[in-house]
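Undergrad:
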Amino acid sequence: MTDASHDRLLIIDFGSQVTQLIARRLRELNVYCEIHPFQSVTEGFLREFRPKAVIFSGGPASVVNADAPRPPATVFEMGVPILGICYGQQVMMDMLGGKVEGGKISGGGGTAEFGRAFVAPEGNLPLLDGWFAEGREQVWMSHGDHVSKLAPGFEVFGTSPNAPFAITADTDRKFYAVQFHPEVHHTPKGAKLYENFVRLAGFTGDWTMKAYKDEAIRQIREQVGGKKVICGLSGGVDSSVAAVLIHEAIGDQLTCVFVDHGLLRLGEADEVVTMFRDNYNIPLIHADETELFLSALDGESDPETKRKTIGRLFIDVFQKYASQIDGAEFLAQGTLYPDVIESVSFSGGPSVTIKSHHNVGGLPEKMGLKLVEPLRELFKDEVRALGRELGLPESFIGRHPFPGPGLAIRCPGEITREKLEILRLADAVYIDQIRKHGLYDEIWQAFTAILPVRTVGVMGDGRTYDFACALRAVTSVDGMTADYYPFSHEFLGETATRIINEVPGINRVTYDITSKPPGTIEWE
Ligand code: XMP
Numbered sequence: 162m163t164d165a166s167h168d169r170l171l172i173i174d175f176g177s178q179v180t181q182l183i184a185r186r187l188r189e190l191n192v193y194c195e196i197h198p199f200q201s202v203t204e205g206f207l208r209e210f211r212p213k214a215v216i217f218s219g220g221p222a223s224v225v226n227a228d229a230p231r232p233p234a235t236v237f238e239m240g241v242p243i244l245g246i247c248y249g250q251q252v253m254m255d256m257l258g259g260k261v262e263g264g265k266i267s268g269g270g271g272t273a274e275f276g277r278a279f280v281a282p283e284g285n286l287p288l289l290d291g292w293f294a295e296g297r298e299q300v301w302m303s304h305g306d307h308v309s310k311l312a313p314g315f316e317v318f319g320t321s322p323n324a325p326f327a328i329t330a331d332t333d334r335k336f337y338a339v340q341f342h343p344e345v346h347h348t349p350k351g352a353k354l355y356e357n358f359v360r361l362a363g364f365t366g367d368w369t370m371k372a373y374k375d376e377a378i379r380q381i382r383e384q385v386g387g388k389k390v391i392c393g394l395s396g397g398v399d400s401s402v403a404a405v406l407i408h409e410a411i412g413d414q415l416t417c418v419f420v421d422h423g424l425l426r427l428g429e430a431d432e433v434v435t436m437f438r439d440n441y442n443i444p445l446i447h448a449d450e451t452e453l454f455l456s457a458l459d460g461e462s463d464p465e466t467k468r469k470t471i472g473r474l475f476i477d478v479f480q481k482y483a484s485q486i487d488g489a490e491f492l493a494q495g496t497l498y499p500d501v502i503e504s505v506s507f508s509g510g511p512s513v514t515i516k517s518h519h520n521v522g523g524l525p526e527k528m529g530l531k532l533v534e535p536l537r538e539l540f541k542d543e544v545r546a547l548g549r550e551l552g553l554p555e556s557f558i559g560r561h562p563f564p565g566p567g568l569a570i571r572c573p574g575e576i577t578r579e580k581l582e583i584l585r586l587a588d589a590v591y592i593d594q595i596r597k598h599g600l601y602d603e604i605w606q607a608f609t610a611i612l613p614v615r616t617v618g619v620m621g622d623g624r625t626y627d628f629a630c631a632l633r634a635v636t637s638v639d640g641m642t643a644d645y646y647p648f649s650h651e652f653l654g655e656t657a658t659r660i661i662n663e664v665p666g667i668n669r670v671t672y673d674i675t676s677k678p679p680g681t682i683e684w685e
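Taking the numbering used here, I'd label the letters of the sequence shown as residues 162 to 685.
(1) Taking just the CA atoms, how far does Arg379 sit from Glu344?
(2) If we count the other Cβ atoms within 10 Å of its Cβ and call it buried at 16 or more, is Gly176 buried or exposed?
(3) Just the Cα atoms here: how many angstroms apart are Thr242 and Lys467?
(4) From this set, Asp644, Arg659 and Trp684, which residue's C-alpha is nearest Ser676's C-alpha?
(5) Could you tell me whether the segment 591–606 touches the segment 469–487, where touching means 3 or more Cβ pairs closer than 8 Å?
(6) Give the DSSP-derived three-state secondary structure of Phe199 in the structure shown.
(7) Identify every residue that forms a DSSP beta bridge with Asp168.
(8) Closer than 7 Å: is that where the CB of Lys677 sits relative to any heavy atom of the ligand XMP?
(9) The alpha helix (DSSP H) with Thr451 in it runs from where to where?
(10) Looking at the ligand XMP, does it come within less than 7 Å of Glu683, judged from the CB to the closest heavy atom?
(11) Only counting the same chain, and skipping five residues up and downstream in sequence, which positions put a Cβ closer than 6 Å to that of Ile595?
(12) Should the segment 240–256 be called in touch with the segment 321–340, which here means at least 3 C-beta pairs below 8 Å?
(13) Beta-carbon separation of Glu298 and Lys350 under 8 Å?
(14) Confirm the yes/no value for this check: CB of Gly393, any heavy atom of the ligand XMP, distance under 7 Å.
(15) Ignore the nearest five residues each way along the sequence and tell me which others in Ala457's own chain have a CB closer than 8 Å to its CB.
(16) Tell me which residue opens and which closes the alpha helix (DSSP H) that Met256 is part of.
(17) Who does Asp331 pair with in a DSSP beta bridge?
(18) State yes or no: is the C-beta of Pro573 nearer than 7 Å to some heavy atom of the ligand XMP?
(19) Assign Leu288 to one of three DSSP states: helix, strand, or coil.
(20) By the three-class DSSP mapping on this structure, what secondary structure does Ile667 have?
(21) When the Cα of Lys213 is compared with those of Arg185, Ile172 and Val202, which residue comes out closest?
(22) Within this structure, are the beta carbons of Gln494 and Glu465 separated by less than 8 Å?
(23) Taking the alpha carbon of Arg624 as the point to measure from, which residue in Asp639, Met256 and Gly666 has its own alpha carbon closest?
(24) Express the C-alpha separation of Val638 and Gly205 in angstroms, rounding to a whole number.
(25) Looking only at DSSP bridge pairs, what is Met239 linked to?
(26) Measuring alpha carbon to alpha carbon, tell me which residue in Phe293, Arg537 and Ile661 is nearest Ala587.
(27) Would the C-beta of Gly396 count as close to the ligand XMP, meaning under 7 Å from any of its heavy atoms?
(28) Quick one, which of Leu568, Val418 and Gly618 has its alpha-carbon nearest Ile476's?
(29) Roughly how many whole angstroms lie between the Cα atoms of Asp255 and Glu538?
(30) Alpha carbons only, please: which of Ala372, Gly548, Lys481 and Val300 is nearest the one belonging to Ala324?
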């Protein structure tokens, strides 16, 4: 993104896995920032970019090696505050006349360090305002090399047992260098450190999601020009926000294709189609391909075969409808940052290796389409904020994630139409219960799985022999790890009774209390 109307912070990416978290922390502070891989940050780039402050990210390289990545030396002559994190600290010390040593050394002076550590204060540093109120602070370390001698002008402001230079600064030049990662969750006061840094750099915090939206729209227009874009719409938050944003940018040049594979929840297809046709007037192809998908899946029980079959048919169907749109050159996807694994290639020039998983993966190459991915720098909650900015209804924005393969992976064992019908009804009752009890927004994801087992029960005076189902509800930040939601026994009892009374075909309800890991969120 390039927005010269705001004060800009430049993050030079040396390949850390958590560089995007730095950007996220800054956006939370309403500071405009851009991440650029170190290879593309040349002297000319710096002159043109004119950052008000610079952050050096961490990274996997060792500054001890002659070919280690470095920023242009002129970055230190721009008169702007710089914050170096982990590898960023080491590269700063190395370039400014300090010393860095590799690996683990014995006899004190520093060792490799991974995980939780505690930093104690030394002296007083405005960067750490709000820290150390209760003595030491927890931080997250992840480094092999360590600084063994400070560069001239630097002083120590914090130490940990294994990092005598955990926090260092040249206060005259406003150069700050820390050994730990303030951007991660396990450095609980890390956000405060960023807040102090941008304050010291003179940012006013005037950058908002509205500005992000305007800039994204400008970029989409620039990328697409007068060409046509197609967008695979699942009805989930990500693809919906992407579609509405792109529509705002290029109007009728966008056509959405909603593939209904017959594995959606109760009423879902109607909801999606109505919202897009009625509220947004977005050209939408409703591809009802229920028969195609369900006949291919009939009786299938292997989880991987289910996923592969759905993925393959999805591409075929999407391609069939997309080819009806004359002159489409772009494919829009609601890919989010956590879907994207980006790594900087140290030897291979400025190329960025990207691996993304998505329901329509494989299509761009097959169809010769270029990608439009306006959300690929955002995290889920930021996408929701953008959705609100775009005026999407709250009922859409707050929706729990729903997987591409839909109910197929919530129906362990053989998929049959009968089981899918039962599952749809049971899930609707369960979600209704969660909403009625005001719990929907506390839960990352909740759903029902229908189990491949019939059990004996008694209803009225008669014997029943029906399916059992499992209820699942988890809390999570990003879907990577999760814990089961601690419903009250009353809630569980009431929900089980409602499902058994209201859903023919189910006579037993269980609650899944597995966390992830070792389980996964979905059952397949
Ligand atoms: P698991 O089951 O792997 O799920 O713990 C983590 C999150 O990813 C969702 N999920 C998918 N989403 N296509 C998707 O779009 C898929 O194939 C898929 N599989 C799992 C799942 O619902 C949860 O939010």
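The beta carbon of each residue, even a glycine, is placed where N, CA and C say it ideally should be.
TA: According to the structure data:
(1) 29 Å
(2) buried
(3) At residue 242 the sequence reads Pro, which differs from the Thr that was named. Computed Cα separation, rounded: 53 Å.
(4) Asp644
(5) no
(6) helix
(7) Per DSSP, none; premise fails for Asp168.
(8) yes
(9) Thr451 to Leu458
(10) yes
(11) Tyr601 and Ala607
(12) yes
(13) yes
(14) no
(15) Thr470 and Leu474
(16) Tyr248 to Leu257
(17) Phe336
(18) no
(19) helix
(20) strand
(21) Ile172
(22) no
(23) Gly666
(24) 39 Å
(25) For Met239, which the question treats as bridged, DSSP gives no partner whatsoever.
(26) Ile661
(27) no
(28) Val418
(29) 31 Å
(30) Val300
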